[in-house]
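Chemist: Have a look at the structure that comes next, please.
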Ligand SMILES: Cc1cc2nc3c(=O)[nH]c(=O)nc-3n(C[C@H](O)[C@H](O)[C@H](O)COP(=O)(O)OP(=O)(O)OC[C@H]3O[C@@H](n4cnc5c(N)ncnc54)[C@H](O)[C@@H]3O)c2cc1C
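Numbering (our numbering), first residue to last: 205 to 653.
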């Protein structure tokens with residue numbers, strides 16, 4: 205029996221979940237709403253690791269992802285004059301865990317596009333030759349060929365009520381109302397769905413555990429000196445600057461990171477409001493003359509980065525114990541963001557999408573409550589594993605004084621010379637079973653094994 209499902213959020217896991225569910229049964233009626241007026245183009249490199257790799261392989265999307273992967277060589281720490289003093293290459297040996305740079309690095313808009321196309325039943329290849337040369341529309345209302353997967357951009361939910369145990373009543377921002385069998389909150393770290401089902405802002409905000417780190421992600425025109433390495437420069441004042449430029453046809457990615465608490469609010473970063481104000485706060489914080497290309501990047505942020513190519517966020521983890529309330533369920537960052545510093549955000553959101561689709565397919569329309577309970581139980585060990593941080597991180601990567609930066613620099617130089625990271629990767633579990641956890645099999649999803 206087909207389900208009527210609403211997915212809130214067309215980020216990474218919303219479209220991935222839609223793809224999985226409609227593959228299990230193309231007669232499910234799936235609506236995905238996205239707050240932004242069109243598919244969001246911001247966001248830089250994200251990576252697939254561990255169990256995320258077999259999931260996209262089962263979905264038949266591994267080649268489309270490889271086709272768009274960014275060929276980054278690894279991570280290099282550079283001094284104030286841009287000279288590398290420590291480097292950690294990627295592990296493309298096919299054995300052991302992925303290193304800092306994964307084999308599956310991909311730009312976020314590219315990964316979202318892969319799942320978006322797949323959910324609409326289109327080929328996920330970038331060149332469009334299998335789609336009759338057509339790029340799918342990414343705004344307004346967009347439907348799959350059979351009309352059963354439908355995206356609506358520029359729409360949010362204003363109310364969710366569950367008076368009747370078998371149905372969720374939803375009110376949309378444009379005043380419409382509709383009833384669904386299941387509502388899936390895939391609306392990211394600051395999820396409004398979480399707020400609605402937990403009974404308010406306070407309960408929802410309490411799930412967010414800040415890591416006292418603020419990051420700006422943006423792109424600037426390439427410079428001839430940009431290379432295939434992720435270049436990372438440690439600065440005083442608990443700041444760092446990172447560039448990634450392995451894709452020679454793409455602009456250079458810049459990441460500005462500042463370690464500060466909301467209370468300390470260094471450089472006024474935490475209270476910067478609009479996108480323009482956020483850009484200005486980051487630019488002002490990086491005007492140092494003697495810190496590699498910091499000033500050049502700050503000026504480029506002011507002068508060459510359009511707002512839609514800029515994304516800034518507070519880094520933290522979402523620890524939400526209640527992933528299911530009635531027939532409303534949280535997936536991905538909305539329920540269990542592990543934070544970008546774990547490198548597991550995208551993978552964990554895919555595990556969530558896969559398990560939720562699998563349990564719904566396994567239990568059928570009459571078993572929705574059991575499916576949601578099974579999802580919450582099955583995904584929890586993966587969440588706990590992904591959210592476990594290396595002790596001392598991220599604080600120990602950010603020094604306040606020149607002496608502190610010197611200590612860090614010496615530490616990285618030493619572990620690079622001793623090849624400690626290479627050895628660690630060799631002895632950590634094989635990449636598809638992080639923490640020894642294997643994804644369950646769901647034959648009901650009709651995927652390749
Ligand atoms: C614009 C953007 C850029 C990002 N860039 C990076 C990056 O460079 N590096 C990195 O490591 N991680 C980045 N992330 C986070 C990363 O995508 C996620 O951590 C991870 O992939 C898990 O994905 P998700 O689908 O759970 O959440 P997300 O990818 O955050 O997707 C959530 C989606 O829900 C939409 N949404 C939010 N609220 C509502 C609402 N009320 N109604 C409808 N829709 C709503 C958002 O616009 C977004 O499209 C970015 C996220 C966003 C939204």
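By construction, the Cβ of each residue, glycine as well, lies at the ideal position given by its N, Cα and C atoms. No experiment lies behind these values; they were computed from the predicted model shown.
Straight-line CA distance for residue 153 to residue 571?
Modeler: In this structure the chain extends from 205 to 653, so residue 153 is not present and cannot be described.
Chemist: Counting only the same chain and skipping the five closest in sequence on each side, list residues whose C-beta sits under 8 Å from that of residue 469.
Modeler: 475
Chemist: Using the C-alpha atoms, what's the distance from residue 429 back to residue 362?
Modeler: In a straight line, the C-alpha of residue 362 is about 49 Å away from that of residue 429.
Chemist: Looking only at DSSP bridge pairs, what is residue 460 linked to?
Modeler: 420, 445
Chemist: So, is residue 232 buried or exposed, given that buried needs 16 or more other C-beta atoms within 10 angstroms?
Modeler: buried
Chemist: Could you tell me the alpha carbon to alpha carbon distance between residue 646 and residue 566, rounded to whole angstroms?
Modeler: 7 Å
Chemist: Which ranges does the alpha helix (DSSP H) cover as unbroken runs of at least 4 residues, wholly within the segment 217-293, from first to last along the chain?
Modeler: 217-228, 256-262, 266-272
Chemist: Which word fits residue 321, buried or exposed, when buried means at least 16 other C-beta atoms lie within 10 angstroms of its C-beta?
Modeler: By the Cβ neighbour-count rule, residue 321 is buried, with 16 or more other Cβ atoms within 10 Å of its own.
Chemist: Find the nearest neighbour of residue 483 within the set 465, 229, 505, 641, judged by alpha-carbon distance.
Modeler: 505
Chemist: Is the Cβ-Cβ distance between residue 590 and residue 548 less than 8 Å?
Modeler: yes
Chemist: Would a C-beta distance cut-off of 8 Å place residue 253 and residue 310 closer than the cut-off?
Modeler: In this structure, residue 310 does not lie closer than 8 Å to residue 253 by Cβ.
Chemist: Alpha carbon to alpha carbon, what distance is there between residue 495 and residue 458?
Modeler: In this structure, the straight-line span from the alpha carbon of residue 458 to that of residue 495 is close to 15 Å.
Chemist: So what does DSSP say about residue 622, is it helix, strand or coil?
Modeler: coil
Chemist: Starting from residue 586, trace the alpha helix (DSSP H) in both directions and tell me its first and last residue.
Modeler: 572-591
Chemist: Any idea if residue 290 is buried or exposed, counting beta-carbon neighbours within 10 angstroms, 16 or more meaning buried?
Modeler: With 16 or more other Cβ atoms within 10 Å, it is buried.
Chemist: Taking residue 441 as the reference, give the member of 521, 477, 465 with the closest Cα.
Modeler: 465
Chemist: Measuring from the CB of residue 404, is there a heavy atom of ligand 1 at a distance below 7 Å?
Modeler: no
Chemist: If residue 498 sits next to residue 445, beta carbons under 8 Å apart, how far is it from one beta carbon to the other, in whole angstroms?
Modeler: 6 Å
Chemist: For residue 604, collect the residues of the same chain with a Cβ closer than 8 Å to its Cβ; drop the 5 residues on either side in sequence, then sort them by chain order.
Modeler: 440, 441, 442
Chemist: In terms of alpha-carbon separation, which member of 473, 512, 460 lies closest to residue 500?
Modeler: 460
Chemist: With DSSP as the reference, identify every bridge partner of residue 533, one or two as the case may be.
Modeler: The secondary-structure analysis by DSSP pairs residue 533 across a beta bridge with 388, 528.
Chemist: Which residues does DSSP pair with residue 375 in a beta bridge?
Modeler: Looking at the DSSP output, residue 375 shares a beta bridge with 363, 381.
Chemist: Any chance the CB of residue 346 is under 7 Å from a heavy atom of ligand 1?
Modeler: no
Chemist: If you draw a straight line from the alpha carbon of residue 294 to that of residue 257, how long is it in whole angstroms?
Modeler: 16 Å
Chemist: Count the other CB atoms, across all protein chains shown, that sit within 10 Å of the CB of residue 478; report buried if there are 16 or more and exposed otherwise.
Modeler: When all chains shown are included, residue 478 counts as exposed.
Chemist: So, under 8 Å CB-CB, residue 558 and residue 224 are touching, yes? Tell me the CB distance rounded to an integer number of Å.
Modeler: 6 Å
Chemist: By a C-beta neighbour count over all protein chains shown, 10 Å radius and 16 as the cutoff for buried, is residue 581 buried or exposed?
Modeler: exposed
Chemist: Leaving out five residues on either side along the sequence, give the residues of the same chain with a beta carbon under 8 Å from the beta carbon of residue 529.
Modeler: If we look at residue 529 and ignore the five residues flanking it on each side, its Cβ neighbours are 366, 401, 402.
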